[in-house]
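This report refers to the structure that appears directly beneath it.
2 protein chains.
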Amino acid sequence: METKTYCYEYPRPAVTTDCIIFGFDEGELKVLLIKRGIEPFIGKWAFPGGFLQMDENSDQCALRELYEETGVKNVFIEQLYTFSDVDRDPRGRVITISYYALIKLSDYRLKAGDDASNAEWFPISKVPPLAFDHDRILRIAIARLRGKIRYQPIGFELLPEKFTMPELQSLYETVLEMQLDRRNFRKKILETGLLIDHNETVKGLPHKGAKYFSFDKKKYKELSEKGFNFEI
Amino acid sequence: METKTYCYEYPRPAVTTDCIIFGFDEGELKVLLIKRGIEPFIGKWAFPGGFLQMDENSDQCALRELYEETGVKNVFIEQLYTFSDVDRDPRGRVITISYYALIKLSDYRLKAGDDASNAEWFPISKVPPLAFDHDRILRIAIARLRGKIRYQPIGFELLPEKFTMPELQSLYETVLEMQLDRRNFRKKILETGLLIDHNETVKGLPHKGAKYFSFDKKKYKELSEKGFNFEI
DNA sequence: AACCTTTGTGTAAAAAATACACAAAATAAT
DNA sequence: ATTATTTTGTGTATTTTTTACACAAAGGTT
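Line order of the protein sequences matches chains E and X. When we follow the numbering used here, the leftmost residue of the first sequence carries the number 1, and every step to the right adds one. When we follow the numbering used here, the leftmost residue of the second sequence carries the number 233, and every step to the right adds one.
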């Protein structure tokens with residue numbers, strides 16, 4: 001079918017969602033990029049995304065595209081910003097509602113980037129020039145993540161269910177680009193009351209002897225509904 | 233013309249912008265609402281807004297609609313959130329990129345709400361039930377304003393060029409819904425270095441004897457480009 | 001002229017953030 | 001196996017920030 005069967009009285013832009021997928025691995029913050037196989041920007045890297053369908057809202061669209069392109073499911077997403085510049089897509093007028101996702105890379109390391117796929121994880125310091133206005137989108141996404149991790153416990157979304165305090169600290173240090181004192185960090189994190197201590201220590205490397213913790217999602221929901229804040 | 237001349241291969245949603253316009257007057261935070269003259273929701277109050285045109289981005293659209301519907305120009309606007317639920321408009325699929333604006337009510341009190349127009353200022357505690365999903369949008373806008381005023385000097389956008397310290401404090405107390413200590417507030421605000429002291433006192437009521445200040449926009453630009461923060 | 005209301009100002013107390021050192025456990029090296 | 005090295009866990013003293021608080025002066029009101 002190439003007939004244009006959807007007609008309107010006034011012109012309408014196309015609407016897409018794009019998703020900036022963050023992962024944390026080997027002490028680095030990474031984003032998942034897809035190498036474009038078609039024009040425009042063929043061969044360039046870009047964020048996964050696609051067209052909004054008429055039976056889904058933009059959250060659902062972002063989650064669907066995320067799943068279709070990377071196999072990732074049940075992840076944290078949040079709307080980032082809507083980009084609407086007239087010339088941002090050479091094919092025509094396209095509005096993009098952008099999202100960012102935080103995923104537990106340990107769970108999904110195998111899905112994307114494998115089998116010579118066109119998806120690949122890039123440390124944010126080594127992201128190549130991107131298609132469309134995606135460089136700008138990435139900058140905004142990083143700024144949002146950096147700002148938000150300070151006052152909402154979203155960092156856990158980037159770690160395995162069970163993690164150690166040094167791992168968590170390393171994540172914070174990486175995202176915030178600053179060194180943190182081990183004892184003060186531990187104190188602050190623990191006094192949120194949102195960590196479950198598993199009383200179990202790591203056997204092998206790395207982080208030998210470190211205690212395992214996990215994030216108490218239920219407690220967080222309870223407390224945040226009562227209006228508590230969690231500055232870290 | 234009623235012919236549908238704009239045709240596409242896939243269905244597209246309509247895209248609009250809506251603007252939540254905040255003003256501060258008589259010690260109250262207010263929003264500007266427009267009474268709908270057509271279905272759906274005829275007779276109900278809603279935020280001003282309209283359809284995105286193909287030669288403008290969403291910022292420009294929000295500013296244009298703002299000007300057309302209220303005569304307001306040169307104001308602070310910021311993108312708020314994009315709403316995309318399937319059933320949010322009974323006429324069909326509509327995506328709304330929402331903005332909020334902060335205006336100096338003193339400058340514009342005459343334009344809207346006068347001459348039996350269909351625009352009116354409502355204190356946020358007395359906003360009637362709104363059309364579409366605008367109740368939800370308002371809640372989100374208020375939360376954003378409340379959150380943002382703490383770490384960015386946007387409160388000044390709601391006051392006249394020259395204002396007194398008690399006026400500024402009253403604004404903060406109203407938006408944050410909390411009492412603030414006069415001396416501590418003054419100290420914090422002044423140590424941002426962003427206020428110009430006019431060494432001139434108010435003659436008449438109210439705020440007799442209070443000093444006039446104004447916001448140093450240039451200095452703010454300089455400093456914020458260097459990455460300074462302004463928590464208040 | 002006396003009174004009332006509102007403004008401007010500094011310091012002491014409390015709370016929060018920061019700096020800091022050593023013992024114990026696991027691994028790595030010899 | 002012994003020793004050395006690396007990384008973890010833990011508490012307190014110091015500094016900084018935030019909060020609490022009272023009185024004199026100016027302008028308007030009665």
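C-beta atoms are modelled at their ideal positions from N, C-alpha and C, and glycine is treated no differently. Computed from a predicted structure; not experimentally measured.
Judged by DSSP in its simplified three-state form, S84 of chain E adopts coil rather than helix or strand. Around L427 of chain X, the same chain offers F445 as residues with beta carbons nearer than 6 Å, after the five sequence neighbours per side are excluded. For a Cβ distance threshold of 8 Å, residue set P243, P245, V318 and R325 of chain X lies close to M54 of chain E, ordered along the chain. One Cα belongs to L455 of chain X, the other to R136 of chain E, and the distance between them is close to 22 Å. The alpha helix (DSSP H) runs of length 4 or more contained entirely in the region 9-48 of chain E do not exist; there are none. Excluding sequence positions up to five before and after Y172 of chain E, its CB lies within less than 8 Å of the CB of I149, G155, L180, F185 and I232, all in the same chain and listed in chain order. No Cβ of chain X is located within less than 8 Å of the beta carbon of I154 of chain E.
Nearest CB-CB separation between S58 of chain E and chain X: below the 8 Å threshold. Counting C-beta pairs with one atom in each stretch, the region 124-141 of chain E and the region 72-87 of chain E have three or more that are closer than 8 Å, which means they touch. Counting C-beta atoms within 10 angstroms of its own C-beta, M397 of chain X has 16 or more neighbours from the protein chains shown and is therefore classed as buried. Neighbours of F51 of chain E in chain X, taken as residues at a C-beta separation under 8 Å, are given in chain order as Y242.
Distance from the Cα of T424 of chain X is smallest, within the candidate group X:K451, X:S402 and X:T237, for X:K451.
Spatial neighbours of V326 of chain X in its own chain (CB-CB distance under 8 Å, excluding positions within 5 residues in sequence) are listed in chain order as P245, A246, V247, T248 and R320. When rounded, the separation of the alpha-carbon atoms in I335 of chain X and A375 of chain X is 18 Å. Apart from the 5 residues on each side of it in sequence, D257 of chain X sits with its Cβ closer than 6 Å to the Cβ of L337 in its chain, given in chain order.
Using beta-carbon distances, Y238 of chain X counts as an interface residue toward chain E, with a partner under 8 Å. Here DSSP, grouped into helix, strand and coil, assigns N118 of chain E to coil.
Taking 8 Å as the cut-off, the beta carbon of A119 of chain E is found no closer than this to the beta carbon of I20 of chain E. Y340 of chain X is not a Cβ neighbour of E310 of chain X, given a cutoff of 8 Å. Think of a sphere of 7 Å around the beta carbon of T82 of chain E: the chain X residues whose beta carbon falls inside it are S290, Q311, T314 and I329, in chain order.
Burial is judged here by how many other beta carbons sit within 10 angstroms of a residue's own beta carbon; T433 of chain X has fewer than 16 and is exposed.
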